[in-house]
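In UniProt numbering, the protein residues as written are 1 to 183.
C-beta atoms are modelled at their ideal positions from N, C-alpha and C, and glycine is treated no differently.
Here the structure comes first, spelled out in structure tokens, and everything after it is commentary.
In structure tokens:
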């Protein structure tokens, strides 16, 4: 059995055009793909022609409420233009406010897919957990984990914020802290 491969939209379109002239069986042999795959590509001809020619797949769940998400992403971008910190909880609350569908829940799972669809990135706000939530001033005084000093104290993930840039050091430190918590 051969391994799975991905094909560009351009390749698929060429195969579809060849199949319309020479038949599916001959095309499958020439392009070294299965005949069922060519038939499936035929059904997606319009989408393939309208997408980027280097695109390899149509992956990811599409939005159930695209109008609401478009309005929400505009709100998020407006907040960022005004240099405001946008918390995940704020986005979830705004989504619940904007969506009139009774079954909609702005859950953390919904937010993860929303963020992925729109290229949003979250990172933990640089504060310590507990009653003293002062921002961290000097990172050089921190331990390697960049997390709470007390091991019994929980890491606060409720203050995730949106950002356009990710500092590799912060990312590595946060990942290290999470891995240490799992052990």
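- Residue 124: not part of any alpha helix (DSSP H); member of the beta strand (DSSP E) spanning 121–124, first to last residue.
- Burial of residue 91 is indicated by the presence of at least 16 other C-beta atoms within 10 angstroms of its C-beta.
- With contacts defined by Cβ atoms closer than 8 Å, residue 9 and residue 80 do not form a contacting pair.
- Here the alpha carbon of residue 98 sits roughly 12 Å from the alpha carbon of residue 74.
- Fewer than three pairs of CB atoms, one per stretch, sit closer than 8 Å, so the segment 37–52 makes no contact with the segment 63–78.
- In summary, residue 30 is exposed, with fewer than 16 beta-carbon neighbours lying within 10 Å of its beta-carbon over all protein chains present.
- In this structure, residue 72 lies near residue 95, with their beta-carbon atoms less than 8 Å apart.
- In the three-state reduction of the DSSP assignment, residue 56 falls in the coil class.
- Of the other Cβ atoms in all chains shown, fewer than 16 fall within 10 Å of the Cβ of residue 21; this residue is therefore exposed.
- In the structure shown, residue 4 falls within a coil segment according to DSSP collapsed to helix, strand and coil.
- Classified as exposed, residue 26 has fewer than 16 neighbouring CB atoms from the shown chains inside 10 Å of its CB.
- With respect to residue 13, residue 38 sits apart: the two C-beta atoms are not nearer than 8 Å.
- In this structure, residue 7 lies near residue 56, with their beta-carbon atoms less than 8 Å apart.
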